[in-house]
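J.: In this note's numbering, the protein residues as written are 25 to 324. Below is a structure I'd like to ask you about.
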């Protein structure tokens, strides 16, 4: 198939997703300074479980921390020093199934979903975390393993662009459906370690009978949240007459009265999981502010 023409709002461009880094940093909310709520910083108990260093024993060291390997090799007592494990992993899940590849105003739902995930990912890496990617498409899923810093987000951006191009080509070749969300999320537990954040950007088309159970299972040891994209909000559409095609093939025209658009991003719960509803037609700067002000929980 010939290359798809670059059309803003229809195709994804790596440069645009990379530029969202500055948009994310300019968004109104300050980054979280602690994993726990409260006004006072308290010292964590214990030594942690991550080995930070191995050094020679000095009087007063805890004998339980002896490093047997170093002691045996050198003939001198060595102890391990530990530090708290503070790794933050965020798995970004993009829904690029055919129902997401449409839009009425600024962008396709799939493009807005990619932008929302990119904004989320840039904030995660800027705060010292690692990002991973799972993209649900009409064909095989696209997976990017966890990685930190700018390099990690560049890998995610590349995965999003590649997966979106493949999804568009699949739709042009006649694909009309994709896997149900419950089945598509079966690999999430393998990709996201315990304690990880999971951010799913979707329109919630065909969630599947086991979707609620899947989210409940993920909530036990991880922190899932949903970004629900919508492109059909009559109250935000410009006034005028619009042609509508019904599922049975009938066509009709409806008249809408234009109303003043708002930038509010309502929050609720879907199947017991925090969900934030985003309008795919709103400017990306407004989306960034809404995401930055989200009260979704962050777990260590």
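All C-beta atoms in this analysis are idealised placements derived from N, C-alpha and C, irrespective of residue type, glycine included.
Closest by CA to residue 203, which one among 40, 265 and 231?
T.: In the chain shown, the residue the question calls residue 203 occupies position 179. Of 40, 265 and 231, the residue nearest in Cα terms is 231.
J.: Could you tell me which residues DSSP pairs with residue 32 in its beta bridges?
T.: Start at 1 with the first residue of the chain shown, and residue 32 comes out as number 8. Partner(s): 35.
J.: Are there 16 or more other CB atoms within 10 angstroms of the CB of residue 46, so buried, or fewer, so exposed?
T.: Residue numbering aside, residue 46 sits at position 22 when the chain shown is read from its first letter. Exposed, by the Cβ-count rule.
J.: Mind pulling the beta strand (DSSP E) runs of 3 or more residues that sit fully within the region 186-261?
T.: With a minimum length of 3 residues, the continuous beta strand (DSSP E) runs that stay inside the region 186-261 are 221-226 and 247-254.
J.: First and last residue of the alpha helix (DSSP H) that includes residue 312?
T.: Position 288 of the chain shown holds residue 312. Where residue 312 is concerned, the enclosing alpha helix (DSSP H) stretches over 308-316.
J.: For the beta strand (DSSP E) that contains residue 302, what are its first and last residues?
T.: Indexing the chain shown from 1 puts residue 302 at position 278. Counting along the chain, the beta strand (DSSP E) containing residue 302 begins and ends at 297-303.
J.: Where does the unbroken beta strand (DSSP E) through residue 158 begin, and where does it stop?
T.: Residue mapping note: residue 158 aligns to position 134 of the chain shown, counting from 1. Segment 154-160, the beta strand (DSSP E) holding residue 158.
J.: Of the residues 141, 216 and 295, which one's Cα is nearest the Cα of residue 111?
T.: Indexing the chain shown from 1 puts residue 111 at position 87. Out of 141, 216 and 295, 216 has the C-alpha closest to the C-alpha of residue 111.
J.: Which class does residue 170 belong to by DSSP, given the choice of helix, strand or coil?
T.: Against the chain shown, residue 170 aligns to sequence position 146. In this structure, residue 170 counts as strand in the three-state DSSP scheme.
J.: Given 8 Å as the limit, is there contact between the region 183-195 and the region 154-174, that is, 3 or more CB pairs closer than that?
T.: Because the criterion of three Cβ pairs below 8 Å is met, the region 183-195 and the region 154-174 touch.
J.: Whole angstroms is fine: what's the gap from residue 128's alpha carbon to residue 220's?
T.: Start at 1 with the first residue of the chain shown, and residue 128 comes out as number 104. Start at 1 with the first residue of the chain shown, and residue 220 comes out as number 196. Taking the straight line from one Cα to the other gives about 34 Å.
J.: Just to confirm, are residue 222 and residue 247 a CB contact at a threshold of 8 Å?
T.: Taking the chain shown and counting its residues from 1, one reaches residue 222 at position 198. Taking the chain shown and counting its residues from 1, one reaches residue 247 at position 223. Yes, the Cβ-Cβ distance between residue 222 and residue 247 is below 8 Å.
J.: Is residue 303 buried or exposed, if buried means 16 or more other CB atoms sit within 10 Å of its CB?
T.: Start at 1 with the first residue of the chain shown, and residue 303 comes out as number 279. By the 10 Å Cβ count, residue 303 comes out buried.
J.: Please confirm whether residue 312 and residue 51 have their CB atoms less than 8 Å apart.
T.: Residue numbering aside, residue 312 sits at position 288 when the chain shown is read from its first letter. Residue numbering aside, residue 51 sits at position 27 when the chain shown is read from its first letter. Yes, the pair counts as a contact, with Cβ atoms nearer than the cut-off.
J.: Return the first residue and the last residue of the beta strand (DSSP E) that residue 128 is part of.
T.: Counting from one through the chain shown, the residue named residue 128 turns up at place 104. Per DSSP, residue 128 belongs to no beta strand (DSSP E) and is neither H nor E.
J.: Let me know if residue 233 comes out buried or exposed under the rule of 16 or more other beta-carbons within 10 Å of its beta-carbon.
T.: Within the chain shown, residue 233 is the residue found at index 209, counting from 1. Under this definition residue 233 is an exposed residue.
J.: Buried or exposed for residue 162, going by 16 or more other Cβ atoms inside 10 Å?
T.: Here residue 162 is taken as the residue at index 138 of the chain shown, counted from 1. Residue 162 is buried by the Cβ-count criterion.
J.: Anyone know if the C-beta pair for residue 317 and residue 140 falls short of 8 Å?
T.: As a position in the chain shown, residue 317 is number 293, starting the count at 1. As a position in the chain shown, residue 140 is number 116, starting the count at 1. No.
J.: From the DSSP output, which residues share a beta bridge with residue 102?
T.: What you label residue 102 is simply residue 78 of the chain shown in a count that begins at 1. BP columns for residue 102 point to 80.
J.: Roughly how many angstroms separate the alpha carbons of residue 116 and residue 224, rounded to a whole number?
T.: Your numbering for residue 116 matches position 92 in the chain shown. Your numbering for residue 224 matches position 200 in the chain shown. Going from the Cα of residue 116 to the Cα of residue 224 covers about 6 Å.
J.: I'd like to know whether the C-beta atoms of residue 149 and residue 173 end up nearer to each other than 8 Å.
T.: If you number the chain shown from 1, residue 149 lands on position 125. If you number the chain shown from 1, residue 173 lands on position 149. For residue 149 and residue 173, yes; Cβs fall inside 8 Å.
J.: Anyone know if the C-beta pair for residue 124 and residue 137 falls short of 8 Å?
T.: Mapped onto the chain shown, residue 124 falls at position 100. Mapped onto the chain shown, residue 137 falls at position 113. Going by C-beta atoms, residue 124 is nearer than 8 Å to residue 137.
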